[in-house]
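Protein chains in written order, with our numbering: chain B, 1110 to 1223; chain H, 38 to 148.
We put the beta carbon where it would ideally sit given N, CA and C, even for glycine.
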Amino acid sequence: GAVVSQHPSRVICKSGTSVKIECRSLDFQATTMFWYRQFPKQSLMLMATSNEGSKATYEQGVEKDKFLINHASLTLSTLTVTSAHPEDSSFYICSAREGEKTQYFGPGTRLLVL
Amino acid sequence: DAKTTQPPSMDCAEGRAANLPCNHSTISGNEYVYWYRQIHSQGPQYIIHGLKNNETNEMASLIITEDRKSSTLILPHATLRDTAVYYCIVRVVEYGNKLVFGAGTILRVKS
Chain B
1110 GAVVSQHPSR VICKSGTSVK IECRSLDFQA TTMFWYRQFP KQSLMLMATS
1160 NEGSKATYEQ GVEKDKFLIN HASLTLSTLT VTSAHPEDSS FYICSAREGE
1210 KTQYFGPGTR LLVL
Chain H
38 DAKTTQPPSM DCAEGRAANL PCNHSTISGN EYVYWYRQIH SQGPQYIIHG
88 LKNNETNEMA SLIITEDRKS STLILPHATL RDTAVYYCIV RVVEYGNKLV
138 FGAGTILRVK S
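So, in structure tokens, the structure goes:
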């Protein structure tokens, strides 16, 4: 299957700082990218959907000014958690799809905000 | 997209077939059935998908009932590495449409 990478795999930051997570599609053009969040013992929750070159569409209850998403190219999307707080600590997973094809997931980034 | 119902957990003996059921009684004609799994602390892994015909690949087989209201994912010879949460999702295949995850089934493969 297609490969999606994420960087970093783990990050620890201080409360109030911003953290950027990168998501790359390595062997296909990701016309659509998705960002999910997963808390312990829970399922994945979709945060936002972005199409290359367009603004992201956020799910209800997700603050667009706090979770900045950029999908500037067909192989790269970034999620920036601004002014992170301990409650933002979670497992963030990106996903990518080319057109209507199968959606593939990255390995995830574990964020810990102290 | 239609809602799916899966048992919360299942156990399977190593080397035996694991049969994971999924109900999707409100599925519409243009919705595909997708299966993903998530091994602990990793991103979900695509397994297989289908519309109405049974499908098989190197990982698993997908059996969809004739009325399409339920399906079964079959791992023919389960190993300890197949222990994971398995998600059954139905989705209309169209540009921009998204995958929404339910609770899934925790499959425990035991030696």
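- In this structure, the beta-carbon distance from L110 (chain H) to A121 (chain H) does not fall below 9 Å.
- Rounded to whole angstroms, the separation of the alpha carbons of S62 (chain H) and A1165 (chain B) is 32 Å.
- The segment 75-88 of chain H makes no contact with the segment 46-64 of chain H: fewer than 3 CB pairs, one atom from each, lie closer than 8 Å.
- Our two residues, L136 (chain H) and G80 (chain H), have alpha carbons roughly 14 Å apart in a direct line.
- Assignment of beta-bridge partners to H86 (chain H) by DSSP yields H:Y71.
- The continuous beta strand (DSSP E) containing T142 (chain H) extends over residues T142 to K147.
- DSSP, reduced to helix, strand and coil, places P1195 (chain B) within a helical segment of the structure shown.
- Close to chain B, meaning a Cβ-Cβ distance shorter than 9 Å, are the following residues of the segment 67-98 of chain H: Y71, Y73, Q75, S78, Q79, G80, P81, Q82, Y83 and H86.
- G141 (chain H) reaches chain B at S1152, counting residues in chain order whose Cβ is nearer than 8 Å.
- Counting along the chain, I126 (chain H) sits inside the beta strand (DSSP E) bounded by residues A121 to V129.
- In the three-state reduction of the DSSP assignment, R1133 (chain B) falls in the strand class.
- According to DSSP, N1179 (chain B) shares a beta bridge with B:T1187.
- Here the alpha carbons of T1191 (chain B) and R1219 (chain B) stand approximately 16 Å from one another.
- Spanning the alpha carbons of G52 (chain H) and S1152 (chain B) requires a straight line of approximately 28 Å.
- For S1204 (chain B), the pairing in a beta bridge is given by DSSP as B:F1143 and B:F1214.
- The C-beta of I101 (chain H) has 16 or more other C-beta atoms within 10 Å across all chains shown, which makes the residue buried.
- Counted as a single uninterrupted DSSP element, the beta strand (DSSP E) harbouring Q1115 (chain B) occupies residues V1113 to H1116.
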